[in-house]
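Note that UniProt numbering gives residue 105 to position 105 of the sequence shown, counting from 1, and the numbers run on in steps of one.
Single-structure report; data block below.
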Amino acid sequence: MFASLASRSLRNKGSIIWFSSFNLSRFAHSLPFATVKAEEVSGSQPTEVLNLVQGNWTSSSSWNTIPDPLNGESFIKVAEVNAKEIQVAIITPFNFPLEIPLLQLMGALYMGNKPILKVDSKAKPRMTLFTGSSRVAEKLAVDLSGRIKVEDAGFDWKVLGPDVQQEDYIAWVCDQDAYACSGQKCSAQSMLFIHENWSKSSFLEKLSGLAARRKLDDLTVGPVLTVTTQAMLDHLNKLLKINGSKLLFGGEALQNHSIPAVYGAIKPTAVFVPLEEILEEENYDLVTKEIFGPFQVVTEYKHNQLPLVLKALEKMHAHLTAAVVSNDPLFVQDIIGNSVNGTTYVGLRARTTGAPQNHWFGPAGDPRGAGIGTPEAIKLVWSCHREVIYDVGPVSQNWRTPQPT
């Protein structure tokens, strides 16, 4: 088994935490958990990501370094591994360490595999689980000749139905879905469709006010790891060139910070684009480009424009997470019956992220689509169908070779 462990380069040898909630004798020879405290990692107290090889945590002669998103200091060293004969691999983001890497690791182990986390590019695994961007997923699918299961990105949508109620609560959920973790979640709300009834309310004003509360001081908005500030602002400017588009709030770089230019730093941003313009062929790919940061597109629809909304939803290429915020059963039936997202939340409290229960969490409509956590997901990703047919006899003592057929 290969895995990874984060440990501080300056660590207290006496500080060892064992699995105390289990039978001690059962784990008498187990390895200790890491003693690192994530909030203490810094340039002066850097972390090394080690590798578990043949039962031992090992260092490496080759490293990559990662700059601190807040000040640019090198604070994490990641080992480069020359792995051989690896059968399965798991490539997942670190921002949800329990939900994604751990659950996929355990799923792989349950099905009898020996997984490696963050496989070396020279290895040739039989199957790879990838969680990350659609662009990288498509490249890996080609590089690995299709031997891949994908939990890729999703341009996740939310539809607010015609029944306007609980404005404060729904505005808060929308703010959390779009801007918590600075929007760096595969389930982040990327596009918000609001019924005309909501446009007549104070909903957008409330959403803007909630977004304005987010500050770098308390990290309710913070560094974006995969998209630079300039790239996000350039994307915004392209959207604003579409007829009828307008900036609702945000759209500015954060000020007075030491975030390196290799990362992104903008205020929570929402841009309005008319529904008819979204569906124009020359606009659709631009509008539905995922920005893995505090950025969302908002549009409005009239009741008789629901077919246009459904058309926009169907055209999206990665059907991951969605939400239908309505207690109107007929409206919900229309949306659910004409959409295919792998995980869809429904009802007045529907959200796109942070759900309170474990569930299937994978993109739909793609045979490469992977799930996480449920028995169905584990079997789909980490095992394959095979059949063994036994025919051991006996053969009749009177058997004679028959005529050919």
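Virtual Cβ for every residue (Gly too), placed ideally from N, Cα, C.
If you're wondering where the values come from, they're calculated on a predicted model, not measured in any experiment.
Applying the 10 Å Cβ sphere with the 16-neighbour rule, what's the burial state of residue i?
{"i": "E387", "result": "exposed"}
{"i": "W399", "result": "exposed"}
{"i": "V332", "result": "buried"}
{"i": "S21", "result": "Residue placement at S21 cannot be trusted, given a pLDDT of 40 that sits under 50; what the coordinates show is reported in the next sentence. Under this definition S21 is an exposed residue."}
{"i": "P329", "result": "exposed"}
{"i": "C384", "result": "exposed"}
{"i": "S396", "result": "exposed"}
{"i": "R351", "result": "buried"}
{"i": "L219", "result": "exposed"}
{"i": "P69", "result": "buried"}
{"i": "Q184", "result": "buried"}
{"i": "S30", "result": "In this prediction, S30 scores a pLDDT of 46, lower than 50, which makes its location untrustworthy; no coordinate-derived value is stated."}
{"i": "E282", "result": "exposed"}
{"i": "V389", "result": "Looking at the sequence shown, residue 389 is not Val but Ile. It counts as exposed."}
{"i": "G251", "result": "buried"}
{"i": "S62", "result": "exposed"}
{"i": "S42", "result": "exposed"}
{"i": "S44", "result": "exposed"}
{"i": "L24", "result": "Unreliable positioning characterises L24 in this predicted model, as indicated by a pLDDT of 38, which lies under 50. A coordinate reading is not provided."}
{"i": "P402", "result": "exposed"}
{"i": "T405", "result": "exposed"}
{"i": "A188", "result": "buried"}
{"i": "D285", "result": "exposed"}
{"i": "R214", "result": "buried"}
{"i": "V392", "result": "exposed"}
{"i": "Y179", "result": "buried"}
{"i": "E205", "result": "exposed"}
{"i": "E151", "result": "buried"}
{"i": "P294", "result": "buried"}
{"i": "L236", "result": "buried"}
{"i": "K267", "result": "buried"}
{"i": "L105", "result": "buried"}
{"i": "N256", "result": "exposed"}
{"i": "T128", "result": "buried"}
Considering only DSSP beta bridges, list what residue i is partnered with.
{"i": "V325", "result": "L160"}
{"i": "F193", "result": "V159, T299"}
{"i": "D68", "result": "Partner(s): none; D68 has no beta bridge."}
{"i": "K149", "result": "L129"}
{"i": "P115", "result": "V88"}
{"i": "residue 442", "result": "What the structure shows of the chain is the stretch from 1 to 405, and residue 442 is not part of that stretch, so it cannot be assessed."}
{"i": "A253", "result": "I266"}
{"i": "G369", "result": "V150"}
{"i": "W63", "result": "A79"}
Please report the Cβ distance between residue i and residue j, rounded to the nearest whole angstrom; I am assuming they are in contact, meaning their Cβ atoms lie under 8 Å.
{"i": "T229", "j": "A253", "result": "5 Å"}
{"i": "V271", "j": "L247", "result": "6 Å"}
{"i": "G373", "j": "L102", "result": "Not quite, the Cβ-Cβ distance comes to about 10 Å (not below 8 Å), so this is no contact."}
{"i": "K311", "j": "L279", "result": "6 Å"}
{"i": "Y345", "j": "A370", "result": "That pair is no contact at about 20 Å."}
{"i": "P67", "j": "S74", "result": "6 Å"}
{"i": "Q305", "j": "L192", "result": "Not really, about 15 Å apart at Cβ, beyond 8 Å."}
{"i": "M316", "j": "F155", "result": "5 Å"}
{"i": "V262", "j": "V159", "result": "That pair is no contact at about 36 Å."}
{"i": "E40", "j": "E196", "result": "No, E40 and E196 are not in contact; Cβ-Cβ is about 51 Å, not under 8 Å."}
{"i": "G107", "j": "A377", "result": "7 Å"}
{"i": "V325", "j": "I170", "result": "6 Å"}
Determine the extent of the alpha helix (DSSP H) in which residue i is found, giving its start and end residues.
{"i": "M232", "result": "229 to 240"}
{"i": "S199", "result": "196 to 199"}
{"i": "Y390", "result": "First-last for Y390: undefined, no H or E at that position."}
{"i": "G209", "result": "203 to 212"}
{"i": "L310", "result": "306 to 315"}
{"i": "V173", "result": "167 to 179"}
{"i": "I278", "result": "275 to 278"}
{"i": "V224", "result": "Here V224 belongs to no alpha helix (DSSP H), and DSSP marks it neither H nor E."}
{"i": "D285", "result": "281 to 287"}
{"i": "A137", "result": "134 to 143"}
{"i": "D376", "result": "Reading off the sequence shown, one finds Glu at residue 376, where the question assumed Asp. Note, E376: alpha helix (DSSP H), 375 to 382."}
{"i": "G107", "result": "103 to 110"}
Over what stretch of residues does the beta strand (DSSP E) that includes residue i continue unbroken?
{"i": "L247", "result": "246 to 249"}
{"i": "V346", "result": "343 to 346"}
{"i": "V271", "result": "269 to 272"}
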